[in-house]
Amino acid sequence: MDGVIAGKFSALLPSRNGVFSGKAADQDVTLIILAARSNHPMGIFGPGYAAVDDYMKRMQTELANNAVKYNYLGATTWMATGERSTANQVMVATYFRTLEDVHAYAYSPLHREAWEWWNKITKSHPHLSIMHEVYQAPKNHWENIFINNHLTGIAATQSIFTTGGESENVEKIWINPIFDASKGKLKTHKGRIEETEGDDHEKGLDNQYSRIL
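Residues 20 to 232 in our numbering are what the sequence shown lists, from first letter to last.
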């Protein structure tokens with residue numbers, strides 16, 4: 020149970036200035052899913068895959084070190100273990116504030132270096148696979164819920180949070196922006212997209228499943 024947060028919680032995003040409005044999903048969020056795989060008989064030990072892995076790790080490190088510049092929120096890595104018996108795909112779910120932030124990083128020096136390297140070797144290394152998917156969710160069109168879970172996905176992101184309000188003792192700190200979802204509008208799907216106050220289950224079905232979601 021190490022790292023598991025008991026109960027029901029949801030991740031919200033503060034404004035770029037680190038202020039929470041009190042509303043759910045009131046910021047845009049963009050998700051880019053990146054993945055790589057080696058289809059070589061030697062799997063990840065096949066030619067070229069080490070370089071792919073190195074570029075992916077270097078870019079994630081660069082984003083983490085320049086999070087404010089690129090409006091990078093965080094990432095979680097998964098492995099698709101059920102697709103086949105060996106050489107499964109590694110996937111990274113990476114969160115930004117806007118699609119423009121994704122574009123800005125795409126033209127950064129390190130990403131351009133990786134891009135140019137790939138274009139040079141792709142014909143000679145047909146066993147290497149890479150892919151991405153990009154989704155831009157405007158405010159009030161995304162939500163999340165976690166129950167007895169560790170920090171993963173959008174809950175593992177970090178945002179700057181401004182403390183002190185209007186006082187002179189304003190401090191900016193990095194936080195995982197998670198909130199209690201056992202009460203209030205964060206209790207329900209419609210509440211988490213600002214369509215209700217989270218009381219919609221009280222007006223309809225009342226069962227354990229609806230109370231959890």
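Where a beta carbon is used, it is the ideal one built from N, C-alpha and C, also for glycine.
Closest Cα partner of residue i within the set the options
i    : options                   : result
K191 : T105, F198, I179 and F165 : I179
L147 : Y154, V153 and W136       : W136
N90  : L32, L170, K158 and T181  : L32
N85  : A54, R131, S127 and E119  : S127
N163 : N138, K27 and L82         : K27
T49  : G172, A69, P145 and A133  : G172
I24  : F198, E216 and T207       : F198
M150 : R131, K139 and V111       : V111
G37  : E132, F64, T100 and V87   : V87
Beta-carbon proximity of residue i to residue j, cut-off 9 Å
i    : j    : result
R116 : R211 : no
S29  : A200 : yes
Q79  : T113 : yes
A156 : D47  : yes
N168 : D45  : no
E152 : I52  : yes
F39  : P145 : no
Environment of residue i [buried if 16+ CB atoms lie within 10 Å]
i    : result
A74  : In the sequence under discussion, the amino acid at residue 74 is Tyr, which differs from the Ala named in the question. That one is buried.
A57  : Looking at the sequence shown, residue 57 is not Ala but Ser. Counting Cβ neighbours within 10 Å, S57 comes out buried, since at least 16 surround it.
T207 : buried
D218 : exposed
H233 : Residue 233 is absent from the model: the chain starts at 20 and stops at 232.
E216 : exposed
Check: residue i C-beta below 8 Å from any heavy atom of the ligand MN
i   : result
G22 : With respect to the ligand MN, the structure offers nothing, as it holds no ligand at all.
DSSP beta-bridge partners of residue i
i    : result
A156 : V48
I194 : S178
L82  : L82 pairs with nothing; no bridge assigned.
R56  : S148
S29  : F198
F39  : Paired residue(s): none; F39 is not in a bridge.
F64  : DSSP lists no partner for F64.
### Those runs of the alpha helix (DSSP H) which lie wholly inside the region 91-148 and span at least 4 residues
118-125 and 128-140
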